[in-house]
Every structure is written in structure tokens, then in C-alpha cells.
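Structure record follows, encoded as C-alpha cells.
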DNA sequence: TTTATTTGTTACACTTACTGCAACAATTAA
DNA sequence: TTAATTGTTGCAGTAAGTGTAACAAATAAA
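Residue numbers (our numbering), protein chains in the order written: chain A, 205 to 344; chain B, 205 to 344.
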């Protein structure tokens, strides 16, 4: 599952939880609603739980619910919760090049450039809250 | 080979060609210099040739050379030449969702958002010329 | 205590994609 | 005719992704 797919899946689940709040919802109910396997969804939700975005409880009356207000949850923190690698990670070839060679210098150049792009994207995502997405969707 | 690796490989090769200009250079010479298999490099260079960035010639005195001034070549056109998919393509899950459902609306939302991000990145890359990279590298 | 439900995690078979390299026809100049 | 080079295809080996099942641990209800 690609990072971008995981991100959109997460937002789908979180929107569902926002609507159901404060009632807890099971992974299988959400999974059926958004069209994904419940095991896979639980993997994502457990990461969101570890990062304090949702709350999870086992047992008969258990399930998931939002732990923060939807206006306090932004895309960047969702992304960081579900992905170890830096946002929209880009890589360069590291091996088979000599020290201080032009190829090596270019590797550093691109690492810097990609890091910059990454920061731009993260800044953009920080400005987008779950609530703003819900509002936008409802007005269409 | 990831898109970002292809991009940095391309720039390494183009820098090498800029330095050698106007002498044509064989793929195996470039490949040895930047640490990549010559077959693979030829695949990349042939795409750059199809897009008018380099010139290629078969035969004994053949090889590759730049077809445009390095100040006239920008990262975005290099990227487009080597990659069919849109720059830094991001995808969303399309199947198993109902028409006009919230998940479907969110898919459209993310397609738009990712397209926006893509435009931002492309704009940034358009401003970076091969010559500006060479200048930067030489001053380090 | 027992039962039912749910999370969190692991495992696994299956498929797909990637990788590095070799090979070779086509082209071209010597 | 020969040698060098591009452009492209193929291929074996490896890695990564996918979808699903399974099950222990936790928890509440019966």
C-alpha cells in the first residue's frame, strides 16, 4: 500500500469516526464502509492510535473513536503517524561512486533538493485539517 | 529504478556531457564515470534523445552530446522526458467503493490535492536549470 | 466463570515489480 | 569489411507488495 493510498484510507476512516462520534466503531464496520480489508485497516488505525489521533478499545463494546477534535487533526500528523519514511520520500543512488566526485556532489545536491520539496509538501499538509476536508466534501 | 533516482542519474550524465561538450561521449564512458550499468544508462539517454535534450549517434565516432545549452535545460523537462507518469505521481484507491459515497468524494479530493502538489513541484523544478546546478556544484 | 466481541500482530501464499546484466540487430564511420 | 556504438529486448534472480487468514490478549456482558 503506497503512502498516498494509506493517507487517503486514513482520512476516509477518520471521517467515518468523526460522523459517528462519540460512539466507538469497530474496524469491520469502517472497513465495510470504505471498502478495505478489516485486518489491513486495523494496522493503520493502530498506528493512528499510537500517535494519539484515535482511541482504541478491545472487547464487546470496544472499537475506535477520535481522540482529538477534527479541527485539531491535520494531514501532516496523519501522514507522520502512518509512515516511517519522511513524507513523500525520494532517494538517490548511493553506491559505486567515488568520494568527492561530481556524482557524489550531485547526490548531495539532490538530497537537499528533495528535502526542500518535502518541507514544502509538509507545510501544505499542515494547513489542511480533517474538519476542513469534511466541510469541503459536504459542500459538494 | 525510482523516478527520483532516474532524475539524479540523468543529471549526472548531462553534467558529464556538458563538461565534454562538444565532443560526443559513449554510454559506457559515462556509465563508468557515474557508476551505473551502460545498458540501463542508454535506456535513459535514449529517452532524453527522443525529447530533444541530447543528440545520439551510432557508429565508431558516435555517442551522446547535449542538444541544448545547459542554461536552457531545466529539471522539469528532464523529468518529463524520462517518466511517463506525472511528476511524483501519487495515487488513491479506486475500487470497491459506491458511487457518490463519502469514500468516492474523498478520492476525488485527494486526486485534486495530489495534482496541486504535483504542480507545485513542477514549478519548482522548472526554475532549476542544468547550468545552475553545475554552478552550484562548482562553488562547493 | 464462561462466552462473545474486538483489537493488535504475525504469518503466509500469491502476485507483481524491480534489478542488474547480457545479448544482439541496426547504424555508422574508418 | 571491420569495429564501435546505439536502441531494445529478454531473462533469471531478488525484492516488494497484496490480500487474507489466524490467533493471542483484552474486555464487557451473560
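C-beta: ideal position from N, C-alpha, C; glycine also. Just so it is clear, the structure is predicted and the values come from calculations on it, not from any experiment.
| request: Consider the Cβ of residue 310/A: report whether some Cβ of chain B lies at a distance smaller than 8 Å. | output: As a position in the first chain, residue 310/A is number 106, starting the count at 1. Judged by the 8 Å Cβ criterion, residue 310/A is in contact with chain B.
| Using a C-beta cutoff of 8 Å, does residue 212/B count as contacting chain A? | Walking along the second chain from the start, residue 212/B turns up at place 8. Yes, its Cβ sits closer than 8 Å to a Cβ of chain A.
| For residue 291/B, the three-state DSSP class (helix, strand or coil) | Position 87 of the second chain, counted from the first residue, corresponds to residue 291/B. Low confidence applies here, because residue 291/B scores a pLDDT of 47, under 50, leaving its location unreliable; read the following figure in that light. Three-state result, residue 291/B: coil.
| field | Distance, residue 326/B Cα to residue 323/A Cα | value | Here residue 323/A corresponds to residue number 119 of the first chain, with the count starting at 1. Here residue 326/B corresponds to residue number 122 of the second chain, with the count starting at 1. When rounded, the distance between both Cα atoms is 15 Å.
| query | For residue 248/B versus residue 213/B, is the C-beta distance shorter than 8 Å? | reply | As a working mapping, residue 248/B is identified with position 44 in the second chain. As a working mapping, residue 213/B is identified with position 9 in the second chain. A contact, by the Cβ cut-off of 8 Å.
| request: Tell me whether residue 333/A sits in a helix, a strand or coil according to DSSP, three-state version. | output: Numbered from 1 along the first chain, position 129 holds the residue referred to as residue 333/A. Strand, per DSSP.
| message | Is there a C-beta anywhere in chain B that falls below 8 Å from the one on residue 306/A? | response | Here the question's residue 306/A lines up with position 102 in the first chain. Chain B contact via Cβ: present.
| field | At least 3 beta-carbon pairs within less than 8 Å: the stretch 220-231 of chain A vs the stretch 268-279 of chain A | value | yes
| task | Measuring only between beta-carbons, confirm whether residue 291/A sits less than 8 Å from chain B. | result | The residue labelled residue 291/A in the question sits at position 87 within the first chain. The predicted model places residue 291/A with a pLDDT of 47, which falls under 50 and marks its position as unreliable; any figure quoted below should be read in that light. No, residue 291/A lies away from the interface with chain B (no Cβ there is under 8 Å from its Cβ).
| request: Answer with yes or no whether the minimum CB distance from residue 288/B to chain A is below 8 Å. | output: To locate residue 288/B, count along the second chain from 1; it is residue 84. No, its Cβ sits nowhere closer than 8 Å to a Cβ of chain A.
| Taking 8 Å as the CB-CB cut-off, is residue 208/A touching chain B? | In the first chain, residue 208/A corresponds to position 4, counting from 1. Yes, contact with chain B.
| request: Give the residues of chain A in contact with residue 321/B, contact being defined as C-beta atoms less than 7 Å apart. | output: By 1-based counting over the second chain, the position of residue 321/B is 117. What residue 321/B touches in chain A: 325 and 328.
| request: Could you tell me which residues DSSP pairs with residue 261/B in its beta bridges? | output: Stepping through the second chain from its first residue, residue 261/B is reached at position 57. Partner(s): 267/B.
| said: Between which residues of its own chain and residue 337/B is the CB-CB distance below 6 Å, once the five residues before and five after are set aside? | reply: Sequence index remark: in the second chain, residue 337/B carries index 133 (1-based). Excluding sequence neighbours, residue 337/B sits near nothing in its chain.
| query | Does any CB atom of chain A fall closer than 8 Å to the CB of residue 283/B? | reply | As a position in the second chain, residue 283/B is number 79, starting the count at 1. No, residue 283/B lies away from the interface with chain A (no Cβ there is under 8 Å from its Cβ).
| message | So residue 253/A and residue 245/A are supposed to be a Cβ contact under 8 Å. How far apart are they, rounded? | response | Against the first chain, residue 253/A aligns to sequence position 49. Against the first chain, residue 245/A aligns to sequence position 41. At roughly 12 Å, the Cβ-Cβ gap does not stay under 8 Å, so residue 253/A and residue 245/A are not in contact.
| said: Is it buried or exposed, residue 205/A, if we count other Cβ atoms within 10 angstroms and call 16 or more buried? | reply: Taking the first residue of the first chain as position 1, residue 205/A is located at position 1. Exposed, because fewer than 16 other Cβ atoms sit within 10 Å of the Cβ of residue 205/A.
| request: With a 10 Å radius around its C-beta and 16 neighbouring C-beta atoms as the bar for buried, classify residue 231/A as buried or exposed. | output: As a working note, residue 231/A is residue 27 in the first chain. Looking at its Cβ environment, which holds 16 or more other Cβ atoms inside 10 Å, residue 231/A is buried.
| field | CA-to-CA distance, residue 265/A to residue 291/B, given in whole angstroms | value | One-based indexing of the second chain puts residue 291/B at position 87. One-based indexing of the first chain puts residue 265/A at position 61. Per-residue confidence for residue 291/B stands at a pLDDT of 47, beneath the threshold of 50, marking its modelled position as unreliable; the derived number appears in the next sentence. In a straight line, the C-alpha of residue 291/B is about 46 Å away from that of residue 265/A.
| task | Please compile the residues from chain B whose C-beta is within a distance smaller than 8 Å of the C-beta of residue 340/A. | result | As a position in the first chain, residue 340/A is number 136, starting the count at 1. Within chain B, the residues near residue 340/A are 313.
| task | Kindly list, in the order they appear in chain B, the residues whose Cβ is closer than 8 Å to that of residue 216/A. | result | Position 12 of the first chain, counting from 1, holds the residue named residue 216/A. Those within 8 Å of residue 216/A in chain B are 306, 307 and 310.
| said: Rounded to the nearest angstrom, what separates residue 329/A and residue 321/B at their Cα positions? | reply: As a position in the first chain, residue 329/A is number 125, starting the count at 1. As a position in the second chain, residue 321/B is number 117, starting the count at 1. Each residue's alpha carbon lies about 10 Å from the other.
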